[in-house]
Amino acid sequence: MSEVIVGVAAVGLVLAVLAWRIHANRKTAPPELPQPDGGEPNGVRRSSSGPRSDGGYLPENPTTETGAETEAKSAGLTRWLTTVDHKDIGIMYIVFGTIAGLWGGTDAMMIRTELLTPAADLWTEGTYNALFTTHGLTMLILFVTPVFFGMANYFLPILIGADDLAFPRLNALSFWLLPPALLLIRGGLVVNLFAKFLGVWVPVDAISFLFEIKPPEIGWYMYAPLSLQSGNPQVDFLLLGLHLSGISTVLASINFIITVFAERDEEVSWADVDLFTWTLVTTAGIALLAFSLLGAALVMLLLDRNFGTTFFALEGGGPILWQHIFWFWGHPEVYIIVLPGFGLMSTILPKFAGRTLFGRKYVIYSTFAIGVLSFGVWAHHMFSTGIDPRIRASFMAVSLAIAIPSAIKEFNWITTIWKGRVRLTAPMIFCVGGLSTFVIGGITGVFLASIPVDLLYHDTYYVVGHFHMILMGIIPFMMMAAGYYWFPILTERMYDQPLARFQAVLMVVGVIVTFGAMLITGALGLPRRYASYPAEFAPLMEITTIGAYVIGISVLLWLWNMLKSYFWGSRITEADVWDLKEVGQFTREWQHFEEQLRERYAADGSGKREHHRAIPDGTGEGDE
1 MSEVIVGVAA
11 VGLVLAVLAW
21 RIHANRKTAP
31 PELPQPDGGE
41 PNGVRRSSSG
51 PRSDGGYLPE
61 NPTTETGAET
71 EAKSAGLTRW
81 LTTVDHKDIG
91 IMYIVFGTIA
101 GLWGGTDAMM
111 IRTELLTPAA
121 DLWTEGTYNA
131 LFTTHGLTML
141 ILFVTPVFFG
151 MANYFLPILI
161 GADDLAFPRL
171 NALSFWLLPP
181 ALLLIRGGLV
191 VNLFAKFLGV
201 WVPVDAISFL
211 FEIKPPEIGW
221 YMYAPLSLQS
231 GNPQVDFLLL
241 GLHLSGISTV
251 LASINFIITV
261 FAERDEEVSW
271 ADVDLFTWTL
281 VTTAGIALLA
291 FSLLGAALVM
301 LLLDRNFGTT
311 FFALEGGGPI
321 LWQHIFWFWG
331 HPEVYIIVLP
341 GFGLMSTILP
351 KFAGRTLFGR
361 KYVIYSTFAI
371 GVLSFGVWAH
381 HMFSTGIDPR
391 IRASFMAVSL
401 AIAIPSAIKE
411 FNWITTIWKG
421 RVRLTAPMIF
431 CVGGLSTFVI
441 GGITGVFLAS
451 IPVDLLYHDT
461 YYVVGHFHMI
471 LMGIIPFMMM
481 AAGYYWFPIL
491 TERMYDQPLA
501 RFQAVLMVVG
511 VIVTFGAMLI
521 TGALGLPRRY
531 ASYPAEFAPL
541 MEITTIGAYV
551 IGISVLLWLW
561 NMLKSYFWGS
571 RITEADVWDL
581 KEVGQFTREW
591 QHFEEQLRER
601 YAADGSGKRE
611 HHRAIPDGTG
621 EGDE
C-alpha cells in the first residue's frame, strides 16, 4: 500500500510542476503591442476561425513547431504525417480506432459463426482461441481508447477555450505509437498468412522461422502459466505492442490533464467545465496509475519468458500474482473506456430531451467516486482462486458500493428525460438504448459482486453477457451517437437521417437479443471460451449468433452512411442544425462551428448555396 501512495504522490507532484510551469509561462508572455502594419501583436499569427496555437504564443519564427493550424497546411499525405494540430490528430485517432474496431469486430463475427453449431467444424480450437485473444485486446486497447481520445483531441481544447493541447508534439507522438502497436499485437496472423503465401515460391526450410510466428492463443487476459510456457514468438511481440499502446495512453493522459488545468480559458471556471471534460480528466487520472502498473507487469512477464526469472512461475511469485496485477489494471481499464461514454451521454441526452441535465454536480461527484473506487474492486475477478475469505468479503463490499455512483448517473439521465420534449433523432435513440442496456448490465453485475452467485456463474456466458451488455450500451452506442451529433462539425455536411435512425434501432435490437440470450445461456451453466458445446444449448447459441449478425449489419449501415455523407451529404451553412438555441444548449463547440461558418462564407463571398437543419421532431429536412 505504501508503494501505491508513493506512486500517486510522485505522479501528482510531476503534474503539479508541469501545470505550474505552463501557467507561469503564460503569465510572463510579452505584452501585446500595436503593430504599424496592422498585423498581430508580438508577431503572433492568429487565425480567424478559432483557437489555433500550441497552448502558448506562436512566434513569428517559421521554424518553430506548434500545434497550430498554419495559414497554409501541407497538402496530401505530408499534412497527415507531419501534423501536430489537435483536430487533425483527433481525426487520425478516430479513423485508426474505427479500422481497429472493424478488425476486432470481424474476429467476433468469426467466433459467433463457429458457435452456430455445437461441434468445432469451421475453425480449429487453436484458431478459436486466437480469435477471442485478439478480439479482446483489439477492442479494449486499439478501438475504444483511440476513438474516445480522438474525440477528446478534437473537442477538448474547444470546450475549455484553449488554443490546443498543452504539448502538441507529445500529442502527435501519442498517436504514432499506436500503428506499430497494432502491427505487433495483431501481426501473428499477417505473418502466418504471408509465410504460407511465400512458401509457394520459396523453400519452406528457408522461411521456417516465419511459420513459427502464429496468432497468440493465450487469451486476452494472458494468464500465467499458459502465457509463460507458450513457445509462440508472437506472444513477445504482443507484449511489446501492449507496451507501446500503454505508453501512448499515459502520454495522452498527461496531456489532457495538463491542458485542462493549465490551458483553460480564464472565462471557463471549474463550475463551467462540461461533463465530457470532467470524465476525460477522471479517465486520464485512472489511466496514469493503471497503465503504469500494467507496464511493470508486462516487463516481468517478458523477463520470465526470455531470461529465466520467476515472477509468475510456481517456484517464484506464482501465477496468482499475475492475476492480481493484471486485474488491478483490468478493472480500472473498464472505467477508463466507459467514463468517456458516460460523459457523452451526459452531453448529448439533454440536447434532445429539451432540458438541462438533472443533478449536474452529482453526476460529476459520481464520476470522481467511480475513479476512486475502481482501484478497490479487482479481486472480485478472483473469488474462485482461493484467496482469504476476509479479503474476499472486503472486495465484495466495494464491488457492491461502486454500483451506487453508476446508479446515480442512471437516475439523473432518466430524470432528465422525464417530462422533457424528447426528439427521437439517431443520437437520442442511441442514448435511450444505452440507458436500457446499462440497466440490464448493471443489475446483472450486482449479482456477480456477491461471492456465492459469482462462484456459481464464474467463467460462464453469464459473465460475457453482463460485460458486453454494459460496454455495448455505453461505448459503441455513445460513439455512434457522438458521431451523428458532431458529424456536421467534423465534415460540414449532414448525413442521411432516416437511415441513421433505422441503423440505431437495428443496433439496439441486435445488442439486446445477442447478450440477453448470452445471459440466459450462462444462467443455465454453459462455460465460456470453448469452441464446442453440448447440443442442448444450440437454440440459444443460434439466437445469439443471429443477434450478432444484426449488429454486424447495423455497423455496415453506419459505415455506409458515414462514407456516403462525407462525400455526397448536403452541406451545412447554418450551425444550429439541432435547434439547440431553442432549448438554450448551444454549447461552445457549436458556437465555435458557427463562427467558422460565418467567417468562411464572409471570406469567400459565397452565399448559402445549400441549407440543412434538423427540425424538432427529428425527421430533418432535405436541401433547400
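Per UniProt numbering: the sequence shown ends with 624, consecutive numbering throughout.
C-beta atoms are modelled at their ideal positions from N, C-alpha and C, and glycine is treated no differently.
- [ ] Check whether the Cβ atoms of LEU142 and LEU280 lie closer than 8 Å to each other.
- [x] Here the question's residue 142 lines up with position 142 in the sequence shown. Here the question's residue 280 lines up with position 280 in the sequence shown. Contact: no.
Open item on the list: Restricting to Cα atoms, I'd like to know which of PRO488, ILE254, GLY105, ALA195 is closest to PHE167.
Closed with: Mapped onto the sequence shown, residue 167 falls at position 167. Nearest C-alpha to PHE167: ILE254.
Task: Same chain, Cβ closer than 8 Å to MET434, neighbours up to 5 away in sequence not counted - done: On the sequence shown, position 434 is the one that residue 434 refers to. Note that residue 434 is Gly in the sequence shown, not Met. Counting only Cβ-Cβ distances below 8 Å, and skipping sequence neighbours, we find GLY341, MET345, GLY473, ILE474, PHE477, MET478, ALA481.
Task: Through-space distance from GLU536 to THR425, alpha-carbon basis - done: Residue mapping note: residue 425 aligns to position 425 of the sequence shown, counting from 1. Residue mapping note: residue 536 aligns to position 536 of the sequence shown, counting from 1. Roughly 41 Å between the two C-alpha positions.
Task: C-alpha gap between ASP274 and LEU159, whole angstroms - done: As a working mapping, residue 274 is identified with position 274 in the sequence shown. As a working mapping, residue 159 is identified with position 159 in the sequence shown. Their backbone Cα atoms lie some 7 Å apart in a straight line.
Task: Opening and closing residue of the alpha helix (DSSP H) in which MET479 lies - done: The sequence position of residue 479 within the sequence shown is 479, counting from 1. From DSSP, the alpha helix (DSSP H) with MET479 extends over 476-491.
Open item on the list: For SER208, tell me which candidate among PHE197, SER292, GLU217, GLN503 has the shortest Cα-Cα distance.
Closed with: For the purposes of this step, residue 208 is identified with residue 208 of the sequence shown, where counting begins at 1. SER208 has its Cα closest to that of PHE197, out of PHE197, SER292, GLU217, GLN503.
Open item on the list: Quick check: what's the CA-CA separation for ARG305 versus LEU131?
Closed with: Position 305 of the sequence shown holds residue 305. Position 131 of the sequence shown holds residue 131. Rounded to the nearest angstrom, the two C-alpha atoms are 22 Å apart.
Open item on the list: What does the alpha-carbon distance come out to for the pair PHE447 and ARG112?
Closed with: Along the sequence shown, read from residue 1 onward, the residue named residue 447 stands at position 447. Along the sequence shown, read from residue 1 onward, the residue named residue 112 stands at position 112. Approximately 26 Å, taken between the alpha carbons.
- [ ] Count the other C-beta atoms from every protein chain shown that fall within 10 angstroms of the C-beta of GLN229, then say buried if there are 16 or more, exposed otherwise.
- [x] Here the question's residue 229 lines up with position 229 in the sequence shown. Looking at its Cβ environment, which holds fewer than 16 other Cβ atoms inside 10 Å, GLN229 is exposed.
- [ ] Kindly list the residues whose CB is nearer than 7 Å to the CB of GLY525, restricted to its own chain and excluding five residues on each side of it in sequence; keep chain order.
- [x] By one-based count along the sequence shown, residue 525 stands at place 525. If you ignore the 5 residues before and after GLY525, its C-beta comes within less than 7 Å of the C-beta of THR460, all in its own chain and listed in chain order.
Task: Selected residue, minimal CA-CA separation from THR416, among GLY76, GLN596, PHE352, ALA162 - done: Counted from its first residue, the sequence shown places residue 416 at position 416. It is PHE352 whose Cα lies nearest to the Cα of THR416.
TODO: May I have the straight-line CA-CA distance separating VAL334 from TRP378, to the nearest angstrom?
DONE: Within the sequence shown, the letter at position 334 stands for residue 334. Within the sequence shown, the letter at position 378 stands for residue 378. Straight-line Cα distance between these residues: approximately 11 Å.
Task: N-terminal and C-terminal residue of the alpha helix (DSSP H) that LYS409 is part of - done: Reading the sequence shown from its first residue, position 409 is the one you call residue 409. Boundaries of the alpha helix (DSSP H) harbouring LYS409: 403-417, taken from the DSSP string.
TODO: Hey, could you find the ends of the alpha helix (DSSP H) GLU542 is sitting in?
DONE: Along the sequence shown, one-based indexing puts residue 542 at 542. Note, GLU542: alpha helix (DSSP H), 538-568.
Task: Cβ neighbour criterion (16 or more within 10 Å) applied to ALA531 - done: Sequence index remark: in the sequence shown, residue 531 carries index 531 (1-based). Its Cβ being crowded by 16 or more others within 10 Å, ALA531 is buried.
- [ ] Quick one: give me the first and last residue of the alpha helix (DSSP H) that LYS351 is part of.
- [x] For the purposes of this step, residue 351 is taken as the residue at position 351 of the sequence shown. Element bounds for LYS351: 319-353.
TODO: Using three-state DSSP, classify PRO118 as helix, strand or coil.
DONE: The residue you call residue 118 lines up with position 118 of the sequence shown. Note: PRO118 maps to coil in three-state DSSP.
- [ ] Please state whether DSSP places ARG264 in a helix, a strand or coil.
- [x] The sequence position of residue 264 within the sequence shown is 264, counting from 1. Three-state DSSP puts ARG264 in coil, outside helix and strand.
Open item on the list: Between the alpha carbons of TYR93 and LEU490, how many angstroms are there, rounded?
Closed with: On the sequence shown, residue 93 is found 93 positions in, with the first residue counted as 1. On the sequence shown, residue 490 is found 490 positions in, with the first residue counted as 1. In a straight line, the C-alpha of TYR93 is about 13 Å away from that of LEU490.
Open item on the list: Using a 10 Å radius around the Cβ and a threshold of 16 neighbouring Cβ atoms, would you call GLU263 buried or exposed?
Closed with: Taking the first residue of the sequence shown as position 1, residue 263 is located at position 263. Buried, since its Cβ has 16 or more Cβ neighbours within 10 Å.
TODO: Using alpha carbons as the reference points, say which of LEU559, PHE276, THR521, HIS466 lies closest to ASN153.
DONE: The residue you call residue 153 lines up with position 153 of the sequence shown. The residue with the shortest Cα to Cα distance from ASN153 is PHE276.
Task: Beta carbon of LEU115 nearer than 8 Å to that of MET396 - done: The residue you call residue 115 lines up with position 115 of the sequence shown. The residue you call residue 396 lines up with position 396 of the sequence shown. Cβ atoms of LEU115 and MET396: not closer than 8 Å.
Open item on the list: By the three-class DSSP mapping on this structure, what secondary structure does THR514 have?
Closed with: Start at 1 with the first residue of the sequence shown, and residue 514 comes out as number 514. Three-state DSSP puts THR514 in a helix.
Open item on the list: Need the endpoints of the alpha helix (DSSP H) that GLY231 sits in, please.
Closed with: On the sequence shown, residue 231 is found 231 positions in, with the first residue counted as 1. Neither: GLY231 is in no alpha helix (DSSP H) and is coded neither H nor E.
- [ ] Check whether the Cβ atoms of GLN234 and GLY188 sit closer than 8 Å, and answer yes or no.
- [x] On the sequence shown, residue 234 is found 234 positions in, with the first residue counted as 1. On the sequence shown, residue 188 is found 188 positions in, with the first residue counted as 1. Against a cut-off of 8 Å, the Cβ pair of GLY188 and GLN234 comes out as a contact.
Open item on the list: On the DSSP bridge list, what partners appear for THR460?
Closed with: To locate residue 460, count along the sequence shown from 1; it is residue 460. THR460 is bridged to PRO527.
Task: Beta-bridge pairing of MET494 - partner residues as DSSP gives them - done: Counting from one through the sequence shown, the residue named residue 494 turns up at place 494. Per DSSP, SER570.
Task: Pairwise C-alpha distance: GLY318 and PHE312 - done: Translated into positions along the sequence shown, residue 312 becomes position 312. Translated into positions along the sequence shown, residue 318 becomes position 318. C-alpha separation (whole angstroms): 5 Å.
- [ ] Tell me whether the beta-carbon of GLN503 lies closer than 8 Å to the beta-carbon of ASN412.
- [x] To locate residue 503, count along the sequence shown from 1; it is residue 503. To locate residue 412, count along the sequence shown from 1; it is residue 412. For the 8 Å CB-CB criterion, GLN503 and ASN412 do not form a contact.
TODO: Leaving aside the five residues before and after LYS291 along the sequence, list all residues of the same chain whose C-beta is less than 6 Å from its C-beta, in chain order.
DONE: For this step, residue 291 is matched to residue 291 along the sequence shown. It is Phe, not Lys, that sits at residue 291 in the sequence shown. Contacts found: GLY246, THR249, VAL250.
- [ ] With distances taken Cα to Cα, identify the nearest neighbour of VAL363 among THR282, LEU298, ALA500.
- [x] Residue 363 sits at position 363 when you count from the first residue of the sequence shown. Per the Cα distances, THR282.
Open item on the list: So, with DSSP's three-state summary, where would you put PHE312?
Closed with: Translated into positions along the sequence shown, residue 312 becomes position 312. DSSP places PHE312 in coil when its eight states are reduced to three.
- [ ] Using beta-carbon positions only, say whether ILE218 and LEU210 come within less than 8 Å of one another.
- [x] The count along the sequence shown starts at 1 and reaches residue 218 at position 218. The count along the sequence shown starts at 1 and reaches residue 210 at position 210. No, they are not a contact pair.
Task: Burial state of TYR566 (16 or more Cβ within 10 Å) - done: For the purposes of this step, residue 566 is identified with residue 566 of the sequence shown, where counting begins at 1. Answer is exposed; the Cβ neighbour count stays below 16.
Open item on the list: Within the continuous alpha helix (DSSP H) that includes LYS361, where are the two ends?
Closed with: As a first step, residue 361 must be located in the sequence shown, where it is residue number 361. Start and end: 360-373.
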